[in-house]
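Here the sequence shown is numbered in this note's numbering, starting from 257 and rising by one per residue. Beta carbons: idealized from backbone N, C-alpha and C, even for Gly. Predicted model, so just to flag it, every value in this text is computed and none were measured.
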Amino acid sequence: MAGTLYLVPTPIGNLGDISSRMTDALNEADFIAAEDTRVSLKLLNHLGIRKPLVSYYRHNVETSGPAIVNRLLEGESCALVTDAGTPAISDPGEDLVRLCAEAGIPVVAIPGPCALVTALAISGLPTGRFTFEGFLATNKKNRRAHLDALRGETRTMIFYEAPHKLCATLSDLQETFGPQRRVALCRELTKFHEEVRRTTLGEACAWYRENPPRGEFVLVVEGAEAPEEAASLTLEEGAARVRQLQETQGLRLKDAARQVAQESGLPKNELYQAALARKGAEA
Ligand code: SAM
């Protein structure tokens with residue numbers, strides 16, 4: 257009979273978040289697959305657990321994944337851990353879970369620390385509907401396409417980001433959603449320097465240009481206004497809304513027209529022309 261793959265979350269900062277189920281899973285597994293064995297050894301030493309460790313990280317999933325699956329098929333059980341938080345969430349693990357599911361190997365996910373959920377809960381923004389966007393690509397074209405696809409998104413959006421890329425990301429978010437859009441910058445969650453800055457994208461950009469960001473960040477961004485409010489607009493009202501979006505969110509005319517078209521079902525080109533005429537009349 258096949259063994260079980262246990263997805264074992266680890267603290268995102270505070271060792272007090274270790275649960276007895278996590279410890280039991282690590283104790284009971286035949287071996288532990290770790291993203292960085294040096295990082296996990298520190299945790300295992302803290303818990304007084306000695307277990308065989310294998311490495312499973314972004315650059316060896318192709319070889320290490322099948323090797324782990326073979327051991328599971330032979331009846332061993334494996335605990336998968338990453339450097340921090342829940343395995344498979346912006347971390348190695350997704351592929352291994354898929355391989356196990358395909359091979360009929362039982363997978364047990366133990367609930368525990370996860371930066372995105374902790375940030376969402378503390379953000380002060382609507383939590384009823386949200387979308388997790390992970391890290392934005394560094395490749396310019398993919399990054400632009402990702403952000404463009406989010407222009408009309410009404411759900412709260414959650415992004416991960418490294419501190420040295422934070423300013424560039426805030427600037428791209430501001431360009432996409434406008435300077436007035438609310439954001440919660442959740443830094444060093446569960447750690448000594450935990451901080452939540454609830455502000456707007458425009459103010460966040462200005463703040464972090466002057467105060468270089470340090471530590472780990474999750475960005476929680478407010479969604480766009482609910483489309484119901486724009487659902488039954490006349491062309492005239494739609495054009496007024498395009499202008500309003502331009503003025504309050506700093507969107508380009510073309511982008512504002514696209515957003516209102518998505519929300520209202522009115523044709524984008526007609527909205528663009530009507531808003532252009534309105535702009536001319538206002539001048
Ligand atoms: N699997 C992890 C989880 O469950 O949250 C996420 C791993 S991902 C490689 C690392 C990113 O998570 C960081 O760049 C940061 O955006 C976020 N993160 C992790 N720990 C954090 C913390 N203590 N405070 C704020 N953000 C954190």
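>> Please identify the residue among Val-439, Gly-506, Lys-421 and Thr-432 whose C-alpha is closest to the C-alpha of Arg-470.
In response: Taking the first residue of the sequence shown as 1, we reach residue 470 at position 214. Of the candidates Val-439, Gly-506, Lys-421 and Thr-432, the residue whose Cα lies closest to the Cα of Arg-470 is Lys-421.
> Relative to the alpha-carbon of Glu-466, which residue among Leu-299, Ile-305 and Cys-423 has its alpha-carbon at the smallest distance?
Replying inline: Start at 1 with the first residue of the sequence shown, and residue 466 comes out as number 210. Minimum Cα distance to Glu-466 is reached at Cys-423.
>> Taking DSSP's pairing of strands, which residues face Gly-341 in a bridge?
In response: Numbered from 1 along the sequence shown, position 85 holds the residue referred to as residue 341. For Gly-341, which the question treats as bridged, DSSP gives the partners Thr-266.
> Can you give the beta carbon distance from Val-373 to Asp-339, rounded, assuming they're within the 8 Å contact cut?
Replying inline: Locating residue 373 in the sequence shown gives position 117, counting from the first residue. Locating residue 339 in the sequence shown gives position 83, counting from the first residue. The Cβ separation is near 17 Å, so there is no contact.
> Would the beta-carbon of Lys-307 be found less than 7 Å away from any heavy atom of the ligand SAM?
Replying inline: Your numbering for residue 307 matches position 51 in the sequence shown. Checking the Cβ of Lys-307 against the ligand SAM gives no.
> Would you say Leu-445 touches the ligand SAM, meaning its beta carbon is less than 7 Å from a heavy atom?
Replying inline: As a position in the sequence shown, residue 445 is number 189, starting the count at 1. Yes, Cβ of Leu-445 sits closer than 7 Å to a heavy atom of the ligand SAM.
>> Check whether the stretch 396–413 and the stretch 457–465 touch, using three or more Cβ-Cβ pairs below 8 Å as the test.
In response: no
> What are the uninterrupted segments assigned as alpha helix (DSSP H) that are 4 or more residues long and contained completely in the stretch 433–482, given in chain order?
Replying inline: 457–466
> How about Leu-501 and Val-516: are their beta carbons less than 8 Å apart?
Replying inline: Here residue 501 corresponds to residue number 245 of the sequence shown, with the count starting at 1. Here residue 516 corresponds to residue number 260 of the sequence shown, with the count starting at 1. Less than 8 Å separates the beta-carbon of Leu-501 from that of Val-516.
> Is the beta carbon of Ala-290 within less than 7 Å of some heavy atom of the ligand SAM?
Replying inline: Start at 1 with the first residue of the sequence shown, and residue 290 comes out as number 34. It does not: the Cβ of Ala-290 is nowhere closer than 7 Å to a heavy atom of the ligand SAM.
> If Ile-324 sits next to Tyr-313, beta carbons under 8 Å apart, how far is it from one beta carbon to the other, in whole angstroms?
Replying inline: For the purposes of this step, residue 324 is identified with residue 68 of the sequence shown, where counting begins at 1. For the purposes of this step, residue 313 is identified with residue 57 of the sequence shown, where counting begins at 1. Their Cβ separation, rounded to whole angstroms, is 12 Å, which puts Ile-324 and Tyr-313 out of contact at 8 Å.
>> What would DSSP say about Tyr-416, mapped onto helix, strand or coil?
In response: Walking along the sequence shown from the start, residue 416 turns up at place 160. DSSP places Tyr-416 in strand when its eight states are reduced to three.
>> Once the 5 residues before and after Glu-417 are set aside, which same chain residues still bring their CB inside 7 Å of it?
In response: Translated into positions along the sequence shown, residue 417 becomes position 161. Same-chain partners within the cutoff: Phe-391, Thr-425, Phe-473 and Leu-475.
> Is it right to say Phe-415 is buried, meaning 16 or more other beta carbons lie within 10 angstroms of its own, or is it exposed?
Replying inline: If you number the sequence shown from 1, residue 415 lands on position 159. So Phe-415 counts as buried.
> How many angstroms separate the CA atom of Glu-431 from the CA atom of Arg-437?
Replying inline: Translated into positions along the sequence shown, residue 431 becomes position 175. Translated into positions along the sequence shown, residue 437 becomes position 181. Rounded to whole angstroms, Glu-431 to Arg-437 spans 10 Å at the Cα level.
>> In the DSSP assignment, the alpha helix (DSSP H) including Thr-293 goes from what residue to what residue?
In response: Taking the first residue of the sequence shown as 1, we reach residue 293 at position 37. Element bounds for Thr-293: 293–303.
> What is the DSSP secondary structure of Ala-258, counted as helix, strand or coil?
Replying inline: As a first step, residue 258 is located in the sequence shown; it is residue number 2 there, counting from the start. Three-state DSSP puts Ala-258 in coil, outside helix and strand.
> Can you find at least 3 beta carbon pairs, one from the stretch 274–292 and one from the stretch 370–387, that sit closer than 8 Å?
Replying inline: no
> With burial defined as no fewer than 16 other Cβ atoms inside 10 Å of the residue's Cβ, what is the status of Asp-292: buried or exposed?
Replying inline: The residue you call residue 292 lines up with position 36 of the sequence shown. Asp-292 should be labelled exposed.
> Which residues mark the beginning and the end of the alpha helix (DSSP H) in which Ala-512 is found?
Replying inline: Locating residue 512 in the sequence shown gives position 256, where the first residue counts as 1. Where Ala-512 is concerned, the enclosing alpha helix (DSSP H) stretches over 509–520.
> For Gly-368, does the three-state DSSP call read helix, strand or coil?
Replying inline: Within the sequence shown, numbered from 1, the residue matching residue 368 stands at position 112. The answer is coil: DSSP assigns Gly-368 none of H, G, I, E or B.
>> Strictly closer than 5 Å from CB to any heavy atom of the ligand SAM: give me those residues in the order they appear in the chain.
In response: Ile-268, Gly-269, Gly-341, Thr-342, Ile-345, Ser-346, Asp-347, Cys-370, Ala-371, Tyr-416, Leu-445, Glu-472 and Val-474
> In chain order, what residues of the same chain have a beta carbon less than 6 Å from the beta carbon of Arg-514, not counting five sequence neighbours either side?
Replying inline: Here residue 514 refers to the residue found at position 258 of the sequence shown. Excluding positions up to five away in sequence, the list reads Lys-524.
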